[in-house]
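For the sequence shown, position 149 matches number 149 in full-length UniProt numbering, and the numbering has no gaps at all. Glycine included, every Cβ here is placed at the ideal spot set by N, Cα and C. Just so you know, these numbers come straight off a predicted model, no measurement behind them. Right, one structure below, let's go through it.
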Amino acid sequence: MQTPLPPARLPGTDPEIAIADASLAYGAHRVLDGLSLSVAAGEIYALLGGNGAGKSTTLSALLGFVRVDGGSVRVGGIDPAADPDAARRRIAYLPENVALYEHLSAVENADYLLALSGTPRSRGDITDALTAAGLQDRAFDQRLGGFSKGMRQKVAIAVALLREVPVLLLDEPTSGLDPRATADFNALLHAVRARGTAVLMVTHDLLSAADVADRIGFLERGRIVDEVAAEGEARFDVRALHDRFSGTGAA
Ligand SMILES: Nc1ncnc2c1ncn2[C@@H]1O[C@H](COP(=O)(O)OP(=O)(O)OP(=O)(O)O)[C@@H](O)[C@H]1O
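Now the structure itself:
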């Protein structure tokens, strides 16, 4: 039986991602310490921070791999630690290096992953989504073995689009991408946002964050110490952002 798609949410309703005063310690090491952030449908939030600031731990909490010991974490109103399956049905997660099946083609990977997630789709739907994600036709039936990181991300985003999940989590999506691939990826994120997806991206890349994000939060020692929102056409002044965050480990 096909797993029902999560209900769509209208922009302006409760945020898809809501973290409130969350804390988490590994033994005596406090990694999240009063973290609060929210991401609405149709919004891209870039979470910047230096090494060890707690960015990946935040994603792990949203995916239900770790449980916060104070505060709350919600994905579409669901506590991922209490019901990880329900939370993960709402989420597409792209780790820094997207894991796909090397011996399968792009279409076969999408076909298999969609079947696994209970949302099987036709070849036509899959090739349409791969095209929308910017993959060249000639790559559709090639094995993943020779794909670049950018091409792998396109396959993973196509799967996410076809799953119609309301939340996209990205871990360092532009690290290791050349400027052209970064620009392609950023354009793709704009398209994902236009579909009403809530996107949380953790990154060291201030330039890419400034290019795509609606809000940028700077994470330091497990809490947001500064947050800025894009303003009109000018979006962000990258130099001002750099000056604001310099000395804190960003960029
Ligand atoms: N399973 C774990 N057990 C113990 N300590 C951990 C565990 N996972 C992460 N940590 C520690 O928690 C801190 C935050 O790690 P996290 O991976 O969330 O940081 P990050 O901001 O993603 O860093 P980076 O940019 O280097 O990936 C680090 O000091 C890390 O060593």
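Asked: Any non-hydrogen atom of ligand 1 within 7 Å of residue 196 CB; Found: no
Asked: Cβ pair residue 15, residue 36 closer than 8 Å; Found: no
Asked: Beta-carbon spacing of residue 73, residue 22 below 8 Å; Found: yes
Asked: Per-residue burial, residue 208 [other beta carbons within 10 Å of its own, 16 or more giving buried]; Found: buried
Asked: Through-space distance from residue 240 to residue 108, alpha-carbon basis; Found: 45 Å
Asked: Proximity test, residue 38 beta-carbon vs ligand 1 heavy atom, cut-off 7 Å; Found: no
Asked: Cβ-heavy atom distance, residue 190 to ligand 1, below 7 Å; Found: no
Asked: Residues near residue 17 in its chain [Cβ-Cβ closer than 8 Å; skip 5 each side]; Found: 37, 38, 39, 45, 62, 74, 75, 167, 198 and 200
Asked: C-beta atoms of residue 156 and residue 130 nearer than 8 Å; Found: no
Asked: Contact the region 139-159 vs the region 80-89: 3+ CB pairs below 8 Å; Found: no
Asked: Under 8 Å between C-beta atoms of residue 192 and residue 172; Found: no
Asked: Residue 29 in three-state terms, based on DSSP; Found: strand
Asked: Separation of residue 174 from residue 190, as counted between CA atoms; Found: 14 Å
Asked: For residue 224: DSSP bridge partner residues; Found: 219
Asked: Helix, strand or coil at residue 143 [DSSP, three-state]; Found: strand
Asked: Residue range of the unbroken alpha helix (DSSP H) whose run includes residue 53; Found: Per DSSP, residue 53 belongs to no alpha helix (DSSP H) and is neither H nor E.
Asked: Contact test: residue 26 Cβ vs ligand 1 heavy atom, cutoff 7 Å; Found: yes
Asked: Touching by the beta-carbon criterion (3+ pairs, under 8 Å), the region 140-155 and the region 91-104; Found: yes
Asked: Distance, residue 150 Cα to residue 139 Cα; Found: 12 Å
Asked: Residue 21 (DSSP reduced to helix, strand or coil); Found: strand
Asked: C-beta neighbour in chain B for residue 202, strict 8 Å; Found: Among the chains in the structure shown there is no chain B, since it carries only a single protein chain.
Asked: Neighbourhood of residue 225 by C-beta, 6 Å cutoff - its chain only, sequence neighbours within 5 removed; Found: 218
Asked: Bridge partners - residue 70, DSSP secondary structure assignment; Found: 23
Asked: Cβ separation of residue 53 and residue 220, assumed to be a contact under 8 Å, to the nearest whole Å; Found: 6 Å
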